[in-house]
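K.L.:
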Amino acid sequence: MGAAEKLDLSGKDWLTVEEAAHYCGVSNSQFRKNALNYGLTPRRFMGKQLYEKAALYAAIQGAEEWQRFDSTGVAARPTSTGQKVGSAFAGPLGNLTPVRRREFVPRKKPS
Numbered sequence: 006m007g008a009a010e011k012l013d014l015s016g017k018d019w020l021t022v023e024e025a026a027h028y029c030g031v032s033n034s035q036f037r038k039n040a041l042n043y044g045l046t047p048r049r050f051m052g053k054q055l056y057e058k059a060a061l062y063a064a065i066q067g068a069e070e071w072q073r074f075d076s077t078g079v080a081a082r083p084t085s086t087g088q089k090v091g092s093a094f095a096g097p098l099g100n101l102t103p104v105r106r107r108e109f110v111p112r113k114k115p116s
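For the numbering used here, add 5 to where a residue sits in the sequence shown, where the first one is 1.
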């Protein structure tokens, strides 16, 4: 099937690998590589691997939510009020952020 062809998945309950990958929004190779990790097992019917559309939907629905990152690189979690909850540490390196131990005093130039 050419890349320019549009797949019509309406009314189908069982999808081929190419259709299933298209439905999930991933490439065929990505789908084949990761389908079993998501509990997606094909049925063999007339020489084709077929995936149930409802199982694909359930796998997508059960996947973890996309995490947004704020400007510090910390995953921002929305609260019930819609405000973001930050990390206990200030930056993306956490407590590895460098801290000056003493005030900088420039050296005296030799005369």
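The C-beta atom is built at its ideal place from N, Cα and C for all residues, glycine as well. As the structure is a computational prediction, the values presented were derived from the model and not from experiment.
Please tell me whether residue 64 and residue 44 are closer than 9 Å, where the distance is taken between their beta carbons.
P.N.:
yes
K.L.:
How many angstroms separate the CA atom of residue 14 from the CA atom of residue 72?
P.N.:
Take the alpha-carbon of residue 14 and the one of residue 72: they are about 29 Å apart.
K.L.:
Measuring straight from C-alpha to C-alpha, what distance separates residue 35 and residue 16?
P.N.:
Between residue 35 and residue 16, the C-alpha separation is close to 25 Å.
K.L.:
Going by the beta-carbon positions, is the gap between residue 19 and residue 55 smaller than 9 Å?
P.N.:
Yes, Cβ-Cβ distance for residue 19 and residue 55 is below 9 Å.
K.L.:
If you run the structure through DSSP and keep just helix, strand and coil, what is residue 12?
P.N.:
Reduced to three states, the DSSP call for residue 12 is coil.
K.L.:
Tell me the DSSP bridge mates of residue 57?
P.N.:
In the DSSP assignment, residue 57 is bridged to 19.
K.L.:
Could you work out which residue in 21, 11, 114, 12 is closest to residue 51 when comparing CA atoms only?
P.N.:
21
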